[in-house]
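Participant: Starting off with a structure, shown below.
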Amino acid sequence: MTQNTKIQWCDSTVNPTMGCEGCEQWSSQRKSCYAGILHTRFGGVTKGYAPTFEDVTQFPGRMAQAAAWTDLAGKQRKEKPWLDGMPRTIFVSDMSDSLSAVVPFEYLEAEVVTHVTTEKGQRHLWLWLTKRPDRMAQFSVYLKERGTNWPKNLRAGTSITSQATTSRTDKLLNVGNDETIHFLSVEPQVERIDFSRWLPRLDWLIHGGESGHGARAFEVEWASELIGQCDEHVVPYFLMQLGSVVTVTVHAPA
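Read in numbering that gives the first Met the number 0, the sequence shown has 160 at position 161, and its numbers run on one by one without any break.
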């Protein structure tokens with residue numbers, strides 16, 4: 000967790016858990032998740048990490064610490080002027096997927112929802128990102144059955160990397176209620192993706208290519224296409240990065 004992250008679309012990060020049960024970015028075929036790579040280096044030897052990335056570990060108390068951070072509403076951000084005036088925006092789970100199956104809903108309610116909704120926690124915007132939006136939707140139902148609404152300041156997001164993973168969006172849209180902000184992190188995009196089916200129901204989209212060793216190519220045209228689609232549906236768009244391998248396709252005149 001850090002109050003001042005280099006991630007461009009937020010001010011801070013916090014991890015109520017560390018580690019992940021795996022996804023298309025971290026499997027026996029591919030290991031390109033930055034959180035997994037850092038765990039390979041520091042897991043089991045550095046305080047605050049899970050023993051291994053696959054060993055999802057709870058870290059209670061971190062959300063309470065983050066809730067106590069200073070309010071940034073109305074403040075300017077010299078390095079991130081696009082966040083000027085906003086409440087502190089906190090990325091929940093950049094080094095983990097806290098919706099992994101081994102994490103009990105009771106823990107997520109006590110550690111995440113409780114602190115997001117305290118007097119201090121309500122000063123901030125919390126952006127919760129997962130590759131398991133089906134489980135986030137189940138957690139939303141769990142809260143409702145216990146008489147708890149999805150917090151207004153807790154934004155629900157899922158990661159999309161390919162056309163095959165767009166189905167996560169349907170599950171994401173079942174999280175919360177009509178007041179819940181739903182967003183996508185399309186990063187890294189590794190192939191052309193059609194979002195037209197979902198954009199009318201989305202509130203925000205983060206976009207980017209892949210970086211690091213073995214990065215796959217990002218086609219500039221994908222960004223142009225998505226910017227146009229977001230403009231058409233009045234969905235705010237944020238380009239995080241083009242990535243390490245950028246390609247431009249030149250189309251011959253018709």
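By construction, the Cβ of each residue, glycine as well, lies at the ideal position given by its N, Cα and C atoms.
(1) Taking just the CA atoms, how far does residue 29 sit from residue 215?
(2) Could you check whether the stretch 75–83 touches the stretch 107–123, counting it as contact only if at least three pairs of C-beta atoms, one from each stretch, sit closer than 8 Å?
(3) Decide if the stretch 225–235 is in contact with the stretch 198–206; the criterion is three or more beta carbon pairs, one per stretch, under 8 Å apart.
(4) Spell out the partners DSSP gives residue 204 in its beta bridges.
(5) Take the Cβ of residue 254 as the centre, count every other Cβ of all protein chains shown within 10 Å, and call the residue buried at 16 or more, exposed below.
(6) Helix, strand or coil: how does DSSP classify residue 71 here?
(7) Would residue 175 pass as a contact of residue 148 if the rule is Cβ separation under 9 Å?
(8) Which runs of the beta strand (DSSP E) at least 3 residues long sit entirely within the stretch 81–145? Give them in chain order.
(9) In or out: residue 42 buried (at least 16 other Cβ within 10 Å) or exposed?
(10) Which residues mark the beginning and the end of the beta strand (DSSP E) in which residue 66 is found?
(11) In this structure, how does DSSP classify residue 49 when only helix, strand and coil are distinguished?
(12) From the DSSP output, which residues share a beta bridge with residue 155?
(13) Quick check: what's the CA-CA separation for residue 185 versus residue 49?
(14) For residue 70, count neighbouring C-beta atoms within 10 Å of its own C-beta (all shown protein chains included) and say buried if the count is 16 or more, exposed if not.
(15) If you count every other CB in all the chains shown that lies within 10 Å of the CB of residue 131, and 16 or more means buried, which is it?
(16) Does the distance from the C-beta atom of residue 92 to that of residue 20 stay below 9 Å?
(17) With H, G and I counted as helix, E and B as strand and the rest as coil, what does DSSP make of residue 221?
(18) Could you tell me the alpha carbon to alpha carbon distance between residue 36 and residue 252, rounded to whole angstroms?
(19) Flag this pair as yes or no: are the beta carbons of residue 57 and residue 104 separated by less than 9 Å?
(20) Per the DSSP calculation, residue 17 is bridged to which residue(s)?
(21) From which residue to which residue does the alpha helix (DSSP H) around residue 212 run?
(22) If you run the structure through DSSP and keep just helix, strand and coil, what is residue 12?
(23) Taking the beta carbon of residue 234 as the centre, do at least 16 other beta carbons fall within 10 Å, making it buried, or is it exposed?
(24) Can you tell me whether residue 5 is helix, strand or coil according to DSSP?
(25) Which value, in whole angstroms, describes the spacing of the CA atoms of residue 160 and residue 217?
(26) Per the contact definition of three or more C-beta pairs closer than 8 Å, is the stretch 163–178 in contact with the stretch 202–212?
(27) Determine the direct distance from the alpha carbon of residue 22 to that of residue 212, and round the result to whole angstroms.
Facilitator: On the basis of the data shown:
(1) 12 Å
(2) no
(3) yes
(4) 183, 236
(5) The structure shown does not extend to residue 254, since the chain spans only 0 to 253, so no value can be given for it.
(6) coil
(7) yes
(8) 88–91, 124–129
(9) buried
(10) From DSSP, residue 66 is part of no beta strand (DSSP E) but of the alpha helix (DSSP H) over 61–66.
(11) coil
(12) 127, 181
(13) 26 Å
(14) exposed
(15) buried
(16) no
(17) helix
(18) 44 Å
(19) no
(20) 56
(21) Per DSSP, residue 212 belongs to no alpha helix (DSSP H) and is neither H nor E.
(22) strand
(23) buried
(24) coil
(25) 11 Å
(26) no
(27) 18 Å
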